[in-house]
Every structure is written in C-alpha cells, then in structure tokens.
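Chains as they are written, first to last, in the UniProt record's numbering: chain A, 1 to 766; chain B, 1 to 130; chain C, 1 to 131. Beta carbons are placed, not taken as given, at the ideal position from N, Cα and C, and that holds for glycine.
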Amino acid sequence: MILLALVMFAFALAPFVGAIGGRSSPFVAIIPLLLFVAFCVLLPEIAEGGTLLETHRWIPSIGIAAAFRLDGLSLTFALLISGIGCAVFLYASAYLRGEPRLVRFYTIITLFMASMLGAVLADDLVLLVVFWELTSITSFLLIGHTPEQERSRRSAQQGFLVTVAGGLAMLAGVILLGSVADTFSITEILGKGEMIAADPLAPAIIILIAAGAFAKSAQAPLHSWLANAMVAPTPVSAYLHSATMVKLGVYLLARFDPVFSDHALWIALLTGFGAATMLTGSVLAMRETDLKRVLAYSTIVSLGTLIMLIGIPGELAAVAVVTFLIVHALYKACLFLVAGIIDHETGTRDSSALGGMRHFMPITAAVALMGGLSMAGLPPSIGFAAKELVYETGLAASAGWALVAVALLANAAMVVVAAVVAVRCFSGDLSATPKTPHDPGFAMLAGPIVLALLGLLFGIAPWLVGNGLIVPAASAIAGEPITFTLSLWHGFTPMLALSVLTLVLGVFAYRRWSTIRSRMAGIHQIDDWGPDKLYDRLIIGLQSVSTWVTHQIQPGSLRSYVARTLFIMSLAAFVTLILRGGYELPSFANSLGPDLVIAILLIVSSLAVARARNFVSGIVAAGMVGFTVALLFLFQGAPDLAFTQFSVEALAIIIMLAIVGRMPFRDRDSRIHKERLRDLFIAGGTGVTAALVLLAVLAQPFDGRLSDFFRAASVPEAHGRNLVNVILVDFRALDTLGEITVLGLAAIAAAAVLAGLRRATAEKSK
Amino acid sequence: MEPVFAIAFGVMVAVAAYLLMSRNVLRIVLGLLVLGNAANLSIFTAGRLESRVPPLVPAGEAALAGGANPLPQALILTAIVISFALVAFTVVLFESAHRRLGTLDADAMREAEPLPQATTKKSRKVEESA
Amino acid sequence: MNSIILQTTSRLILPAALVFSVYVLLRGHNEPGGGFIGGLIAAAGIAVHAIPRGRTALFAMLRVWPKTLIGAGILLAIISGMPSLLLSEPFLTHQWPFASLPIGTTLVFDVGVYLVVIGSVLTFLSYYLER
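Below you can see the structure in the form of structure tokens.
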C-alpha cells in the first residue's frame with residue numbers, strides 16, 4: 001500500500017504544489033522533502049537486502065496489475081528523484097521568482113516527479129510504459145516553458161518526438177517480452193531470465209527495448225534533443241535533463257540486465273552505443289561556450305558511460321554503474337544549478353565571456369569547485385572512486401583496452417568541462433558582465449551546497465553510501481546478492497596510473513581550450529550533416545509528404561467527397577456481395593398487383609426529380625415521391641407512418657416554397673459533360689448495389705422473433721394497443737429520447753447559423 | 001411484392017446519388033429529400049409487406065396474432081421527422097452560405113479549404129465565373 | 001403569401017388543428033397517433049396561422065420562443081424516466097401508478113415528444129416568415 005500511496009500522493013498534490021509555487025514560496029520544496037524522508041525510512045529494510053512488493057488490481061482481464069517493487073535499484077532512483085527534486089524546487093522558488101506561468105511550471109514539474117517515481121517503482125511492464133510516457137509528456141511541456149519562442153517550441157517538439165518514438169519501440173518490446181514471459185510482472189520476468197534470454201524472440205526484444213532506452217537517455221545518434229532541451233529554465237535542465245529523466249533509459253536497461261546480461265547482442269549493443277555516445281559527447285562538448293550546453297554534452301558522455309557499463313557483464317560493472325550514477329547525479333545537478341546562478345547573476349552563460357567571478361560570489365565559486373572536483377574525478381571526492389571503478393571494470397572486460405581508451409578520452413573531456421564550468425568562470429581577470437553579480441540567497445545556494453558537500457562526504461566516508469545503497473542496487477542489477485566494499489584509495493594500481501594520465505590530458509587540453517574550441521567549432525560538417533540537421537530535414541520531408549497526401553485526399557470539393565464516399569462504399573458492398581458467393585434473388589412472382597402502380601409511380605417521380613429543370617419543379621417532383629411513399633404506408637398497414645409522412649411533406653413544401661425568392665432558382669446544372677458521365681456512372685453503381693443488397697436481404701427467410709415479442713408484450717407490459725407508439729415511447733424510449741434531442745439540436749443549430757448570419761448582415765449594412 | 005420495391009429503391013438511390021454530386025447545392029437538397037424517402041422505403045420493405053392490417057391490438061385482447069410488422073414502422077416514424085430536420089437544416093446552411101459567399105456552386109465554396117497555390121485550369125474557370 | 005383567403009381560413013384552421021393534434025396525441029397509445037404526428041399536425045396548423053401574419057404574430061401567439069418548447073419537451077421526456085430511477089429500475093422504465101386507469105408516465109414522455117416536434121418545426125419556420 002505504501003508505494004502506491006507515495007506515488008498517488010505526489011500526483012494528487014501537484015495542483016497544491018502549483019499553488020504554493022505560484023507565490024514563489026520556498027515551502028514548495030516540502031512535498032519532495034516529505035517523499036525523500038519517506039524513502040529514507042524505507043532504506044534500512046532495503047539495505048538489509050529486502051524487497052518491497054505490492055500488487056493492486058488494475059486490469060485483471062488482460063493480466064495487467066498496478067504492481068510496485070522497491071529494491072536497491074528503484075530506491076536509489078527514488079532517493080535521487082525526491083532528494084534532488086527537493087534541491088531543485090527550493091532553487092526554483094528563488095530562480096524563477098517573478099516569472100510568468102509559475103503555477104503551470106510547478107504543477108507540471110510535480111507531475112513529472114510523480115511520473116518518474118511511478119516509472120522506477122513500477123513492477124508491471126505496462127504500468128512502467130504509462131509512467132514512462134508521462135515523463136516524456138511532462139518533459140515536453142517543461143522544455144516548452146516559453147512557447148512564444150520558436151526555439152523553445154522546436155526543442156520541445158524534438159525532445160518529445162524522439163523520446164516518444166523510442167517509447168513506441170519500447171512498447172513493442174515490452175509486449176513481446178510480456179508474451180514471451182507470459183506475464184507483465186517485472187519480478188516474475190526477472191525470475192525467468194534464462195528462459196527469456198534463450199527465446200528466439202530475445203534479439204527483437206533487446207533491440208526494441210534498447211531503442212526506447214537509447215532515445216530517452218540521449219544515446220548517439222539520438223543525442224541532439226538533449227542539448228536543445230537546454231532552452232528550458234535551468235531548474236528543468238538540472239532536474240529532468242541531467243539528474244533524473246534521462247536516466248530512465250539507464251534504469252530500464254539496468255532493470256533488465258539480469259535477464260540479458262550474458263546475451264551477446266545485449267553486450268555488443270550497449271557497449272557499442274555507449275562508447276560511441278561517450279566519444280560523440282566529448283567532441284561536441286569541446287565546441288561549446290554556452291555553460292548549459294557544455295554541461296548537456298558532458299551529460300551525454302556520462303549517459304554513454306552508464307550504458308556501456310551496463311553492457312559489461314559482471315558484479316564489478318554493476319557496482320560501477322550505481323556508483324557512477326549517484327556521483328553523476330550529485331555533481332551534475334550541482335553544476336547545473338551553479339550555471340543557473342551564474343546566468344541569473346551575471347546575465348550571461350557564455351563561458352568565454354566570463355572570468356574572475358570569485359571576487360563577486362565567493363560561496364558560489366567554492367561550491368562550483370567542490371562539484372568540479374567530483375566531476376573531474378579528483379580525490380577526495382566520490383567522483384574519484386567512481387572513475388577508478390569505471391577503469392577497473394573496463395580493464396577487466398573483454399576487448400577492455402578499446403573501452404578504456406574511450407573512457408580515458410571521455411574522462412579527460414570531463415576534466416576540461418569541469419575546469420571550464422568550475423574554474424574558468426571564477427578565476428582570472430574580472431570581465432564585464434551585463435549585470436553586477438553577487439552571491440544569491442539561501443534558497444538558490446542550499447541545494448548546490450548540500451549536493452557538493454555530499455560528493456565530498458561520500459568520498460571521505462564511502463561506507464555511508466556504499467553498504468546502504470550501492471550494494472543493494474548493484475545486487476539488483478547483477479540479479480544476485482553481492483558483497484563489495486567501496487573505498488576511495490586502492491593503492492598504486494593501473495587505475496591510478498590511468499587517473500593520472502586522465503588528469504594530465506585534461507589539464508593540457510584545458511590550457512589550450514580556446515584554441516581547441518574555436519578549431520572544433522570551425523568544423524561546419526558537424527552542423528551541416530549532424531543528426532540535428534537530419535532531424536530538421538526529416539520533419540520538413542514529413543510535412544511535405546503530409547501536405548501532398550492531404551491535397552490528394554482532401555481537394556476541398558464537396559462533390560468529390562460525396563463521389564468518393566459513394567464510390568468506395570458501394571464498391572465495397574458490391575465486391576462483398578459477389579465474393580461471398582451464394583447470391584440469391586428473391587422470387588418476382590406475385591409482383592403483378594395494385595402495389596406495382598405505387599412502385600412505378602416512385603420510379604417515375606424520382607426520375608422526374610433528377611430531370612427537373614428548376615428548383616420549383618424539383619420540389620414538386622420530390623413531393624410526389626414523398627406522397628407516393630405515404631400512400632404505400634397507408635395501403636400496407638402503417639397509418640401512423642402515412643399521417644406523419646403527409647404532415648412532413650406538407651410542412652416541407654411550406655418551408656421550401658417560403659424560401660422561393662430568397663435564392664436564385666434558375667437551376668442550370670453547370671457540370672461539364674465528362675463530370676456528368678462520371679457522376680452517372682457512380683450514381684448508377686450506387687443504385688444497383690443498393691438494390692442488390694436489399695434483394696439479397698429479401699431472399700433470406702424473415703426472422704420475426706422481435707416483432708412477435710412486441711405483438712405479445714405490448715398490452716400486458718406496456719398497457720398500449722398501438723404497437724408503433726408503444727415501441728416508440730416505451731420499449732425503445734431511450735432511442736426516442738435521443739432522436740428528439742437530435743431533432744431539437746438540429747433546430748437550435750439552424751437558429752445559431754441564422755443568428756450569426758443576421759449579425760453579419762447587420763454589420764455589413766452599418 | 002417486395003422485390004419490385006427493391007428495384008424502385010435502387011432507382012431512388014441512384015437519383016439521390018446523382019443529385020448529391022451536383023454543383024448546384026439546391027439540387028443537393030432535392031437529393032437529400034429523395035434519399036430520406038429511399039432509406040425509409042428500404043427499412044419498410046426489409047420488414048416485409050405481409051399484411052395490410054395495422055399493428056393495433058383489438059380492444060379487450062392481450063396480443064396481436066398477425067398484422068403488419070410494427071418494428072420497422074417505429075424506426076421509420078422517427079426517421080421521417082429526423083430527415084425532415086436534416087433537409088431543413090441543410091437549406092438553412094446553404095442559404096447562409098449563399099448570403100455570405102454569393103454562390104450556390106459547391107465547387108466555389110472554398111472558405112474552409114482554399115485551393116493550393118497551383119490552381120488547376122478548371123477551378124480557375126470556376127473562380128472567374130463566380 | 002399574405003392572402004385574405006389564407007388569413008380568413010387559417011383563423012378557423014388553427015383551433016381545429018390544435019384540438020385535433022391534442023386528440024391524436026392522447027389517443028396515440030391505443031389508436032394511430034402519438035407525439036410525433038400530433039406535434040406535426042399542431043405545427044402545420046400554427047404554420048398556416050403564422051405564414052400570412054409573420055413572425056411577430058407567431059411569437060405573440062406562442063408567448064414563448066419555439067426554442068423554449070424544445071427544451072421543455074426534452075426535459076419532460078427525461079422527467080418521465082425519473083420515477084423508474086427512484087424505484088431502481090432502468091432509466092425510462094415507464095410506471096403505471098393507477099391500477100385501473102390507463103394513464104402512465106408514457107403520456108408525459110409523449111407530451112415531451114409533441115413539444116419538441118412543435119418547437120423544432122417552428123424554429124425552422126420562424127426564420128422563413130416575413131418580418
């Protein structure tokens with residue numbers, strides 16, 4: 001009950017948070033704080049290796065349950081989501097003060113937090129997909145926070161299309177997985193790991209699920225949306241697009257790692273794309289000056305690292321994933337918030353235009369330095385331990401030298417990014433900025449300070465986080481309980497040598513950063529042929545195709561719509577009649593009778609309507625058709641119908657003749673000869689098909705059970721002797737209620753059309 | 001008897017379809033009038049024309065032994081009134097369109113879906129004549 | 001259509017049509033008739049009355065907007081289904097409160113139909129009348 005309650009609590013309170021946030025009150029952080037405390041209370045049980053499972057009925061008929069699961073992995077995510085949410089909400093209350101649309105912002109970001117918690121806690125694949133898509137939608141709304149800007153709209157749309165397209169692939173994978181495992185329960189699927197991995201459908205499942213995760217976690221070549229998402233307000237970038245949402249893909253792959261960890265395709269796909277993403281992100285990060293975009297590309301590098309680590313089998317890799325995940329969330333959120341502070345205080349976030357800010361904002365400089373230490377992987381921060389683990393995992397893996405080489409380059413790039421964000425802006429000579437900066441208030445500093453201090457604290461005392469969180473989470477990824485002691489200092493190992501090499505490379509690159517950056521930025525091919533441009537071309541192509549299709553099927557001519565509808569409808573009915581076989585015609589015996597006159601009268605008068613030279617004669621001929629039908633009703637035992645038809649025909653003629661003189665009635669049918677032939681063909685075909693269908697009905701024996709029921713039940717049950725009226729007002733009264741409503745609505749709609757017309761003519765006459 | 005009416009029904013549908021595809025919207029109104037009657041005729045015929053006795057239970061009796069089929073009659077009764085409303089509404093709509101756009105040519109009513117940039121020869125002629 | 005003949009005859013036709021329409025409405029459950037036909041007859045009578053006299057005369061005679069009749073009719077039809085809800089039966093299950101008298105909620109329903117038909121026809125008609 002507790003997990004469902006926590007998720008629902010977060011969803012239900014979104015409007016409440018919106019209301020508090022609308023007043024920019026720091027108390028807005030209280031909801032994530034409460035959630036964080038709740039998850040901390042659950043921590044001891046999970047730390048001892050327990051798993052919290054709960055199942056609620058949802059759609060039992062197709063085996064879908066609202067099931068939740070709390071183990072080390074989901075708890076790690078839940079703590080990050082609520083904890084960092086706390087810092088970000090508090091920060092936003094000061095950062096966004098005075099901005100428009102705050103209620104919308106806080107409502108949506110709370111909905112995001114709730115969806116995110118739902119996604120990582122879900123123990124049912126379908127539930128997971130639902131929450132997963134909810135995070136995509138809320139991310140779309142948050143990236144598009146300033147919809148009046150074209151860039152903002154494009155970025156929101158791009159992020160949405162990429163992640164939702166991935167989500168569709170993932171949904172397909174999930175359905176396949178569910179059918180192979182014969183359950184949607186994640187816990188049960190984890191128990192059937194070997195059976196699923198051996199299934200012939202396993203490669204398809206792996207590819208589809210990986211596609212969804214790669215799109216969400218911005219793996220190359222689907223990475224551009226993440227950098228463009230930086231148009232969102234900084235709290236969104238820090239929260240969604242570095243610490244939580246983009247990790248959902250990592251979560252998904254980590255969740256299913258126990259099932260597929262030894263599958264060759266899984267290993268190849270994850271390590272391959274992960275390594276490629278690390279390189280892509282490193283290169284792109286080197287080209288940027290915008291602090292947030294630099295950080296976004298470094299996030300892409302980190303996501304690549306995480307995906308690569310998941311791809312590597314073994315317990316050590318699992319530990320490395322969790323450690324790196326926590327470390328990255330701590331320092332990246334911290335640095336994003338620092339970048340936001342710089343932007344907020346100075347009015348720019350162009351790193352090449354900033355310098356010497358330590359004089360104005362010493363506290364921010366200190367915080368940035370602490371965060372930077374962790375990002376660069378320097379002792380005594382926990383970042384150092386994480387980096388050593390990455391190297392150690394890489395060295396132990398098969399073909400490890402290639403992965404280690406990639407990691408070396410990526411980590412050197414991280415050192416450069418850390419230096420650019422945390423050192424370059426604050427050191428050196430003072431530069432002129434649009435605004436004179438100073439340290440921000442408590443609300444904006446509290447989050448970064450706590451996050452940076454935690455990075456150091458965990459480094460100095462790794463057991464604080466190691467046994468309680470990292471080991472249970474790593475056990476969940478490995479699929480079996482593992483023992484591991486996290487420590488900062490490993491002694492003189494190959495990993496230490498690699499660390500030193502990383503630092504040397506990074507510092508060397510940083511000192512020549514301006515040159516490297518402008519050289520890299522000069523490579524136009526990346527802008528001209530990169531995936532971002534390809535995305536634009538794809539969208540433009542899609543639009544021109546849909547414009548073309550729309551013009552094909554929607555030429556704007558009422559006549560052609562009618563013609564196509566009639567043609568396709570009658571063709572379908574005709575083909576069905578012929579292909580089904582066994583077509584029978586009813587007997588035409590007994591056709592000679594007085595009623596034959598009525599039938600002939602009907603044919604003649606309807607042909608007269610078609611041949612009418614003007615509207616008045618057309619109305620008269622149509623009236624003839626109506627009166628003939630009424631006569632048929634009269635002779636065939638339907639006096640009610642006959643009277644109704646007579647009255648309606650009379651009224652119709654009254655109304656039709658009342659409009660004589662209001663519209664021009666010289667009725668030249670301006671169809672050209674070719675159009676006439678086409679229309680004649682279609683009309684003829686429609687008529688023939690209609691007649692054939694009715695004849696086929698007549699050839700069948702009549703089923704009179706329903707009619708007999710009414711004959712028998714009318715007097716005893718409804719106290720009425722006129723069966724027609726009894727059916728209308730009693731047996732099928734709900735139908736009749738619907739029909740008189742339609743009748744009334746048609747009249748009211750007509751009155752509305754006329755009221756609008758009268759207003760228009762009144763304005764014109766003025 | 002019924003097959004004859006099935007033939008009449010086919011003719012009426014064909015006439016209605018031909019009128020519905022007209023350029024002059026007033027002919028569309030005529031088409032709707034014929035189509036409504038055709039639909040009612042088909043329901044009536046499909047319910048079979050077996051008895052000329054109205055479906056009224058004689059006073060004092062509990063059930064009706066034979067008589068015309070009451071079910072299609074109930075369906076048609078509302079359909080008659082509804083198709084009247086449909087025609088009346090269409091007339092209102094077309095008159096309003098005629099007042100606003102000054103034309104009764106269905107192909108010239110293009111406010112909602114304007115022609116794409118490259119206009120065809122035929123449609124240009126329509127615009128000129130309008 | 002402002003002819004003296006129509007004006008004169010319609011003075012007779014209107015009351016006759018209204019009385020006849022109510023008769024047809026009331027007998028509908030047992031003999032040919034009912035709300036639809038009754039409504040159409042009444043509407044035709046009112047139309048004949050209103051066409052030579054114009055919109056103002058129509059509204060003066062009706063005292064309410066035709067649209068009001070539509071709303072009132074649909075409301076009556078819905079109300080006629082309410083007793084069944086109170087007795088926890090399906091909506092619009094008609095009730096016969098008097099064991100001996102053939103008067104039930106069906107009549108309320110049929111009056112609703114009658115009003116909607118009159119209201120709709122007159123709403124259409126009122127536009128075409130000369131102002």
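Residue-level contact by beta carbon holds for A/Ile659 and chain C, with a gap shorter than 8 Å. Per DSSP, A/Trp225 lies in no beta strand (DSSP E) segment; the continuous alpha helix (DSSP H) that holds it begins and ends at 224-228. For A/Leu53, the uninterrupted beta strand (DSSP E) run begins and ends at 52-59, by DSSP.
Against C/Val48, chain B offers no close residue; the least beta-carbon distance is about 17 Å (beta-carbon pairs closer than 8 Å). By alpha-carbon distance to A/Ala410, the top candidate from A/Ile659, A/Leu284, A/Val301, A/Asn228 is A/Val301. Ranked by Cα distance from A/Leu117, the options A/Gly83, A/Val88, A/Glu148 are led by A/Gly83. Contact annotation: A/Pro258 and A/Leu330 have beta-carbon atoms that are not nearer than 8 Å. Residue nearest to A/Val575 within the set A/Ala66, A/Thr689, A/Arg711 is A/Thr689 (criterion: CA-CA distance).
In the DSSP assignment, the residues bridged to A/Arg69 are A/Leu53.
In terms of Cα proximity to C/Ala77, the closest of A/Ala750, A/Leu757, A/Thr741 is A/Thr741. Here the C-alpha atom of A/Thr485 lies approximately 20 Å from the C-alpha atom of A/Ile312.
When DSSP assignments are scanned along the UniProt domain "MrpA C-terminal/MbhD" (600-664) of chain A, the uninterrupted stretches of alpha helix (DSSP H) that are 4 or more residues long and fall wholly within it turn out to be 615-635, 639-658. Check the Cα spacing between C/Leu25 and each of C/Ile118, C/Arg63, C/Tyr128: the tightest is with C/Ile118. In this chain, the alpha helix (DSSP H) harbouring A/His328 covers 315-346.
For C/Val117, the chain B residues whose Cβ falls inside 9 Å of its Cβ are Val81, in order along the chain.
Within the segment 24-49 of chain B, no residue places its CB atom closer than 9 Å to a CB of chain C. Relative to C/Pro83, the option among C/Gly45, C/Ile13, C/His94, C/Pro32 whose CA is nearest is C/His94. Per the C-alpha coordinates, the member of A/Ile207, A/Ser605, A/Glu763, A/Phe615 positioned closest to B/Val13 is A/Ser605. Counting only residues of its own chain and dropping the five nearest sequence neighbours on each side, A/Leu453 has no CB closer than 6 Å to any other CB. Taking 8 Å as the CB threshold, C/Tyr127 lines the interface with chain B. If you compare the alpha carbons of A/Ile137, A/Leu291, A/Ser546, A/Ala407 with that of A/Thr234, the shortest gap goes to A/Leu291.
Residues Ser302 of the same chain have their beta carbon placed closer than 7 Å to that of A/His328, with the five preceding and five following residues left out of the count. About 24 Å separates the beta carbon of A/Val17 from that of A/Thr163, a gap too long to meet the 8 Å contact definition. According to DSSP, residue pairing for A/Asn722 in a beta bridge involves B/Leu56. Contact annotation, B/Leu32 with B/Val87: C-beta distance approximately 5 Å; criterion of less than 8 Å satisfied.
Annotated as distal: A/Leu248 and A/Ile205, with beta-carbon spacing of 8 Å or more.
In the DSSP assignment, A/Ala589 forms no beta bridge with any residue. The DSSP assignment places complete alpha helix (DSSP H) segments of no fewer than 4 residues inside the segment 531-567 of chain A at 531-553, in order along the chain. In terms of CA proximity to A/Arg153, A/Asn228 leads the group A/Asn228, A/Leu4, A/Phe681, A/Asn614.
Interface annotation, B/Gly10: in contact with chain A, CB-CB separation under 8 Å.
Taking all protein chains in view, the Cβ of A/Met414 is crowded by 16 or more other Cβ atoms within 10 Å, so the residue is classified as buried. Just measuring C-alpha positions, the residue of A/Gly372, A/Val367, A/Ala202 sitting nearest A/Ala419 is A/Gly372. Of the other Cβ atoms in all chains shown, fewer than 16 fall within 10 Å of the Cβ of A/Lys533; this residue is therefore exposed. Scanning the segment 172-252 of chain A for uninterrupted alpha helix (DSSP H) segments of 4 residues or longer gives 186-191, 193-198, 202-216, 224-228, 234-238, listed from N- to C-terminal end.
Per DSSP, A/Asp730 has no beta bridge partner at all. For B/Asn24, there is no enclosing alpha helix (DSSP H), since its DSSP letter is neither H nor E.
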